Structures are given as structure tokens and as C-alpha cells.
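One structure is given below, encoded as C-alpha cells.
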Amino acid sequence: MRTHHLSVKIENKTARIGVLGLGYVGLPLALEFSRNGFHVTGFEVREDLVRSLRRGLSHVADVSSETVRDMTRAGRFHATDRFEELRAQDVVIICVPTPLRKTREPDISFIRTAAKDISKYLRRGQLVVLESTTYPGTTRDLVLPWLERKGLRAGRDFYLAFSPERVDPANKTYRIFNTPKVVGGLTPACADLACRLYSQVVERVVPVSSAEAAEMVKLLENTFRAVNIALINEMALMCHRLGLDVWEIIRAASTKPFGFMPFYPGPGIGGHCIPLDPQYLAWKMRSMNFDPRFIELAGVINRAMPKHVLHRIAEILNTHRKSLKGSRILVLGVTYKADVSDVRESPALDVISLLRETGCEVAYHDPWAPSVQVDAVRMRSKPLSDALLKACDLTAILTAHSAIDYRRVLKNSKAVFDTRNALAGMTSPRLFRL
Ligand SMILES: NC(=O)c1ccc[n+]([C@@H]2O[C@H](COP(=O)([O-])OP(=O)(O)OC[C@H]3O[C@@H](n4cnc5c(N)ncnc54)[C@H](O)[C@@H]3O)[C@@H](O)[C@H]2O)c1
Numbered sequence: 003m004r005t006h007h008l009s010v011k012i013e014n015k016t017a018r019i020g021v022l023g024l025g026y027v028g029l030p031l032a033l034e035f036s037r038n039g040f041h042v043t044g045f046e047v048r049e050d051l052v053r054s055l056r057r058g059l060s061h062v063a064d065v066s067s068e069t070v071r072d073m074t075r076a077g078r079f080h081a082t083d084r085f086e087e088l089r090a091q092d093v094v095i096i097c098v099p100t101p102l103r104k105t106r107e108p109d110i111s112f113i114r115t116a117a118k119d120i121s122k123y124l125r126r127g128q129l130v131v132l133e134s135t136t137y138p139g140t141t142r143d144l145v146l147p148w149l150e151r152k153g154l155r156a157g158r159d160f161y162l163a164f165s166p167e168r169v170d171p172a173n174k175t176y177r178i179f180n181t182p183k184v185v186g187g188l189t190p191a192c193a194d195l196a197c198r199l200y201s202q203v204v205e206r207v208v209p210v211s212s213a214e215a216a217e218m219v220k221l222l223e224n225t226f227r228a229v230n231i232a233l234i235n236e237m238a239l240m241c242h243r244l245g246l247d248v249w250e251i252i253r254a255a256s257t258k259p260f261g262f263m264p265f266y267p268g269p270g271i272g273g274h275c276i277p278l279d280p281q282y283l284a285w286k287m288r289s290m291n292f293d294p295r296f297i298e299l300a301g302v303i304n305r306a307m308p309k310h311v312l313h314r315i316a317e318i319l320n321t322h323r324k325s326l327k328g329s330r331i332l333v334l335g336v337t338y339k340a341d342v343s344d345v346r347e348s349p350a351l352d353v354i355s356l357l358r359e360t361g362c363e364v365a366y367h368d369p370w371a372p373s374v375q376v377d378a379v380r381m382r383s384k385p386l387s388d389a390l391l392k393a394c395d396l397t398a399i400l401t402a403h404s405a406i407d408y409r410r411v412l413k414n415s416k417a418v419f420d421t422r423n424a425l426a427g428m429t430s431p432r433l434f435r436l
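Take the numbering used here: the final residue in the sequence shown is number 436, and no numbers are missing along the way.
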């Protein structure tokens, strides 16, 4: 009966939707529901973000401030830090961070706090969906007990599901609406409601048999990427030893119409997902006395890439009779991937730190990151002038932002070390590729 009530509200878009955590994942999702006619409340613990969103300013590159303002004006979106408003929601979607502790163990404290906050205001008929990436079992073993602590039962009094977020920041082709959404419920009624909900905003919903299956799908996707990036990074090391150009090898291998999928090497992996998510699975499996060898090996290889970049830079300087110590290095691009402003876990920060440890003088340019913190030092992006390029002993391209004129970079640099193949098709004795 209650399921029916909520499904009608979902179908006629009168269901009120609360999104907990307005970051890279939560804000775009909240506004996607708003754009589709729902009334959405965004819950955020950071007061500065609540304030700026209320002023109509977006802090996420994939969401324009105009959209925030339009949806706010239409009365379909507002941000708040007043968690008592949770009671008024029909649906609550959790998009809080899932970082790692220094020990590389999962830090699920944000999910725990979110579950605790929701449990205070949980009422009959509500649907709660966890979207944060986490280890299999989190929805049932961590979130469910909090929500059931006052006697309400999932599948009967309220509904609980897991649906992994698949946001790919800066991807212009695949947005929320055309990226299929995987959904797993605690019970069939939970799954059914969550599928109905997402069907309102995405073209295709993919139900799986349980919340654990949905949690594992996300971990397979991101472990697949971490392992394949590690494989291609190791290929790059092997190609360098063999005097081969790994980019040429990938390009040619990609012509195989079946059974091959290109991945690209680089200075390491970054962002909130690929370096972290597989560790959630590894941790869970270790707790079950299972040794997740692929994940461990991929982590070791990917984490060693910044050191490899340092060695290559030393090699290149050496050919110019220079040592690392005292050399001036210009780093181009410090965000974890091209055309985003996110520097979380960015390998470029590790490379800068290593360069400085060896006595290099490091400057950087990044149109997306005006300043970054490396160890204890705050650095500021320098304007990319010909004079700067000429004054440095080497330019290291660590992130290939599309706004940079790479021909000009090559023309004015004493040496370029390109870890991203940003200078594809160009040749020069001053150009060195990963
Ligand atoms: N960033 C991505 O590209 C991406 C892609 C897919 C999945 N994910 C996953 O989605 C989840 C969120 O990632 P993100 O990148 O959006 O993180 P984020 O740090 O950008 O945003 C999370 C937001 O939640 C807020 N928050 C923390 N605790 C809260 C609470 N109790 N109540 C309300 N707000 C709270 C934080 O202040 C922050 O603004 C993570 O599990 C991540 O692994 C991220």
C-alpha cells in the first residue's frame, strides 16, 4: 500500500527528494532531479557551500551556476544544513565521501554519520538510497541497522537500496541521463521503488538481485580500470626499455575490432575513485582471509609511476649534462585529469613533491587549478609565457588540458617530457615521451 503511494508520487513527480552531500556526485544528481520536475533539497554539512549555492553559485564544473539559479528560482532546488528537513523528504539519496584512512583502510565514517542523521528523522514510507562507493555489505551491515534502530523495518515500513554513481567528470558524451543506472534493493519492494525513481531521470535502469550485487558492480568497474591502467603503465615501462613508443603500440592495437580496449599510461592515477575504490574491496576481502592480488599489484604499479616520472626527468636532464638538483622544472597540469579542477590524489602533486625533495626548483601552470598545496607549501599557477618556458630546463606535461597550446610549449621549451601524449604527431629531438 505504502509502496504504491510512493510510486505514484514518484511517477507524478510530487515525491520530495533529499540529496545528502552536494559534491561532485550529489550536486549534479540533485539538479538532474530538479530539472526533471522534482522538488529537491540538498543537505550539506559545509556551511560555505550552502551559502554559495543559495547565492546561486555552483562549485562543481559539470553544473553551471545558471542551472542552480534557474532551479532555485523555479522553487525546485534549495540547499540546507538543517537536517530536520529530512523528515519532509519522500526519498533520501546519500552521496557522501568514502575516502581512505592513512592506513589505506576504508573511512566509512561519513556514511555512518549520514545514516545516523537520516535515522533521527526516518518515517514510514520513505525510500533511502546509498550512492557512495563502498565495500559489498555496507548498505545491509552498516546503514540498515541505523535505520531500523527505532523499530521500523526495511521493505515493510521504509525502503532501502544501493545504486552506484557513475559520474565521469568532464565527460561531454555521457551525462547522468544517458548513463545506465544499476540498482539493487534490500528487498524486491525496495528495488522496485528505487528503479522507478531513477527511471524518471535516466534512460536505462539496470536492476540487480541485491544491494551487495550493486555495490560489487561499481567495484568491478573501478577495479577493472585500476588494473588495466596499471597494465598499460607497466607496458609503458617495458616499451621504454625496448626503445619502443607505447603510444604507437596502443594506437595500432586499437585497430583490432574485437577483444581489445585501449587504456593509456600516465604519471599515476588520481581522483576520488580509481585509486581508492579497489582498496575498499581489497580491505573487505582481506577481512575474509582472501588475498586480492590483482588489486594489490595494480596499486603498487600505479603508485610507483610518479617515481618513474622522476627517473625519466633525471635521464633527460642527464643528456643535457644537467642534474636534478638546481634544475628548473615547469610542470604543466596538476589536476588528476584533463579539463577538471579536481586535484584529489593527483599524481602530479607526488611528482612535484619528489622533484622538490631532490633539489629542483619547480613552477607549475594549470588553467584549472590556480593554487595547490604540495606538502606544507602552497603553490600558485604561473602564467604560461614564452619567457617562462625558455627559462626552465624542462617542461613536464602531467595533465593534458585542452586549453594549452602544445606547439608553443614545444617551440619554447629546452626539453619536454610528455607523460600524456599531448604532443601526439609532433617530433623533435627535444621531445621525450613516457
Ligand atoms: N567524483 C567522482 O567522479 C565520483 C564518481 C563516482 C562515484 N563517486 C563516489 O561518490 C561519493 C561522493 O563523491 P564526491 O566526489 O561527490 O565527494 P565530494 O567530497 O565532492 O562531495 C561530498 C560532499 O558531502 C558532504 N558531506 C559529508 N558528510 C555529509 C553529511 N553527513 N551530510 C551531508 N553532507 C555531507 C561533504 O561536505 C561534500 O561536500 C564517493 O563515495 C565517491 O567514491 C565519485
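Where a beta carbon is used, it is the ideal one built from N, C-alpha and C, also for glycine. Treat the numbers as computed from the prediction; the structure is a model and nothing was measured.
Integer-rounded CB distance, given that residue j should sit under 8 Å from residue i
i	j	result
A340	T421	About 12 Å; that fails the 8 Å criterion.
L146	A156	6 Å
C275	N235	Contact flag wrong, Cβ pair sits at about 17 Å.
D45	L22	Here residue 45 turns out to be Phe, not Asp, going by the sequence shown. Between L22 and F45 the Cβ distance is about 5 Å, and since that is below 8 Å, they are a contact.
R330	C394	5 Å
V248	M237	6 Å
I138	E13	The sequence as given places Pro at residue 138; Ile does not occur at that position. At roughly 31 Å, the Cβ-Cβ gap does not stay under 8 Å, so P138 and E13 are not in contact.
A426	I399	Actually they do not touch by this definition, with Cβ atoms about 11 Å apart.
E34	C97	The Cβ separation is near 12 Å, so there is no contact.
S9	L154	With a Cβ gap of about 19 Å, S9 and L154 do not count as contacting.
V93	L199	6 Å
S165	V185	5 Å
F265	N304	Actually they do not touch by this definition, with Cβ atoms about 12 Å apart.
A63	A172	7 Å
Start-to-end residues for the alpha helix (DSSP H) that takes in residue i
i	result
P30	28-37
T115	111-123
L51	49-56
D279	279-289
L22	First-last for L22: 18-22, but that is the beta strand (DSSP E), not the alpha helix (DSSP H).
V62	Neither: V62 is in no alpha helix (DSSP H) and is coded neither H nor E.
Chain-order list of residues whose beta-carbon lies under 6 Å from that of residue i (same chain, five-residue window excluded)
i	result
H367	L334, S383, K384, L386
R206	P182
L278	L102
S36	V42, M73, R78, F79
M218	P138
Endpoints, the beta strand (DSSP E) within which residue i is located
i	result
T69	Counting along the chain, T69 falls outside any beta strand (DSSP E), though it belongs to the alpha helix (DSSP H) covering 67-75.
V131	129-132
A254	Here A254 belongs to no beta strand (DSSP E); instead the alpha helix (DSSP H) covers 248-255.
V93	93-96
L433	433-435
L396	396-399
CA-to-CA distance, residue j to residue i, given in whole angstroms
i	j	result
A228	S60	30 Å
V364	D159	59 Å
R151	D170	36 Å
R106	A116	22 Å
T135	R142	14 Å
L188	P294	27 Å
V336	L390	17 Å
E133	A216	10 Å
K174	V131	26 Å
Y26	P308	26 Å
Other residues of its chain near residue i: CB distance less than 7 Å, five sequence neighbours each side excluded
i	result
G437	With the chain running from 3 to 436 in the structure shown, residue 437 is simply not present.
Y338	G272, G273, D344, V345, R346, E347, S348
K11	A17, D92
P372	R382, S383
Cβ shell of residue i (< 8 Å), same chain only, five flanking positions each side left out
i	result
L239	H310
L412	V418, L425, M428, S430, R432, L433
W148	R114, A117, K118, I120, S121
F179	E34, V203, V204, E205
Within-7 Å CB hit, residue i to chain D
i	result
R330	In the displayed structure, chain D is absent; only one protein chain is listed.
Problem set entry | Unbroken stretches of the beta strand (DSSP E), 3 residues or longer, contained in the segment 310-388 | 330-334, 363-367, 373-376, 379-382
For this session: Return the chain-ordered ranges of every alpha helix (DSSP H) run that is complete within the segment 145-229 and spans a minimum of 4 residues.
Result: 146-149, 190-201
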